[in-house]
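What follows is a single structure, written as structure tokens, with notes after it.
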Amino acid sequence: MLRIQLDTLLREALASLPIPEGLEEVAAHGCQLERTKDSKHGDFSTNIALRLAKSRNQEPRVLAEEIVESLSPSPLVEKVEIAGPGFINFTVAATAYHEEITSILKAGERYGSSDTGANCRVLVEYVSANPT
Numbered sequence: 790m791l792r793i794q795l796d797t798l799l800r801e802a803l804a805s806l807p808i809p810e811g812l813e814e815v816a817a818h819g820c821q822l823e824r825t826k827d828s829k830h831g832d833f834s835t836n837i838a839l840r841l842a843k844s845r846n847q848e849p850r851v852l853a854e855e856i857v858e859s860l861s862p863s864p865l866v867e868k869v870e871i872a873g874p875g876f877i878n879f880t881v882a883a884t885a886y887h888e889e890i891t892s893i894l895k896a897g898e899r900y901g902s903s904d905t906g907a908n909c910r911v912l913v914e915y916v917s918a919n920p921t
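What follows is the structure, given as structure tokens:
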């Protein structure tokens, strides 16, 4: 859930910036938020500024600064930093983790369940490349 909320914040920030024609899809769906390998760099990171900078004839780090400035304030985020050539690193607030854990405990066994695909039929066919 935290990733979804961060993704929403990032998409809203991108929507407020002029995106070159033809790259709306990248801006809308290319916000690849990933867990950082090192916790010193926050909890999540995105390379969206690096992906969009060339098409905007802009340095990735400058675009990253614009994106960070466009982010709406959120109690979810403790800190946002720009690292390296234009990565944007997010540190999630401890209270957000506490709220997530509380919702997990409240949901109990239903946590993570979904009704997506309910009452739909699916046919799965398996074909062996090397039949015996």
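Just so we're aligned, residue 790 is where the sequence shown starts under our numbering, counting upward by one. We treat Cβ as the ideally placed atom computed from N, Cα and C, and that holds for glycine. Note that the coordinates shown come from a computational prediction; the quantities given were computed from them, not determined experimentally.
The beta carbon of serine 863 is closer than 8 Å to those of Gln794 and Leu798 in its chain, skipping five residues each way along the sequence. Cβ atoms of leucine 822 and arginine 792 come within 8 Å of each other, at about 6 Å. Glutamate 848 and isoleucine 890 have their C-alpha atoms roughly 39 Å apart. Here serine 834 is buried. Its C-beta has 16 or more other C-beta atoms within 10 Å.
In the structure shown, threonine 891 adopts helical secondary structure according to DSSP, grouped into three states.
Secondary structure at glutamate 914: coil, using DSSP grouped into helix, strand and coil.
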